[in-house]
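The structure under discussion appears below in the form of structure tokens.
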Amino acid sequence: MKPFLLVLSAPSGGGKSSIARNLLQGRDDLGYSVSATTRPKREGEREGVDYHFLSREQFVQRRDAGEFLESATYGGNLYGTLRSEIDVIFDRGRHAVLDIEVEGARQIRATFPNSLHVFVLPPSAEVLIGRLRGRNTEPPEVVRERLTRAADEL
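Going by this note's numbering, the sequence shown opens with residue 1, and the numbers climb by one from there.
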């Protein structure tokens with residue numbers, strides 16, 4: 001079977017990362033695409049495992065050079081999927097699992113119409129609010145912005 005993209009998308013805090021981790025356990029036919037971001041590294045996060053942490057300048061240069069499959073601004077930071085991540089996964093004969101925001105998923109759908117898309121709906125608005133606030137990694141105005149955007153995406 002030809003490798004394909006499995007795109008998990010949801011609002012921030014929607015649970016897509018947890019689903020991706022569970023899906024990948026014990027699966028040799030799947031590979032996880034590590035996204036790139038300009039946001040600061042959170043406690044416990046590792047470069048190349050959780051994200052590729054880039055400066056804004058590095059991100060923009062790579063985006064302008066066509067190195068991204070998709071990119072979007074979220075919470076004032078840039079996020080995107082590097083084409084090289086997908087190439088490595090496909091070269092290993094695996095299907096690529098992407099855990100991305102809704103805007104990035106829209107871009108991929110337009111470019112890769114045969115990709116499989118799963119929109120993850122959070123259990124409730126209250127749970128989503130609790131997850132975002134519980135992270136304690138962003139100022140209240142960023143949490144409000146994420147919640148406003150989530151309401152639009154849902």
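We put the beta carbon where it would ideally sit given N, CA and C, even for glycine.
CA-to-CA distance, residue j to residue i, given in whole angstroms
i, j, result
"residue 55", "residue 79", "11 Å"
"residue 93", "residue 141", "43 Å"
"residue 8", "residue 120", "7 Å"
"residue 30", "residue 126", "32 Å"
"residue 83", "residue 123", "32 Å"
"residue 33", "residue 130", "27 Å"
"residue 76", "residue 40", "11 Å"
"residue 90", "residue 28", "12 Å"
Local Cβ density within 10 Å of residue i, reported as buried at 16 or more and exposed below that
i, result
"residue 105", "buried"
"residue 16", "buried"
"residue 113", "exposed"
"residue 97", "buried"
Helix, strand or coil at residue i [DSSP, three-state]
i, result
"residue 50", "coil"
"residue 65", "coil"
"residue 111", "helix"
"residue 31", "strand"
Selection from the options that minimises the alpha carbon distance to residue i
i, options, result
"residue 57", "120, 38, 46 and 18", "38"
"residue 1", "110, 95 and 108", "95"
"residue 70", "4, 108 and 19", "108"
"residue 85", "68, 101 and 100", "68"
"residue 23", "14, 13, 10 and 6", "6"
Bridge partners - residue i, DSSP secondary structure assignment
i, result
"residue 118", "8"
"residue 71", "80"
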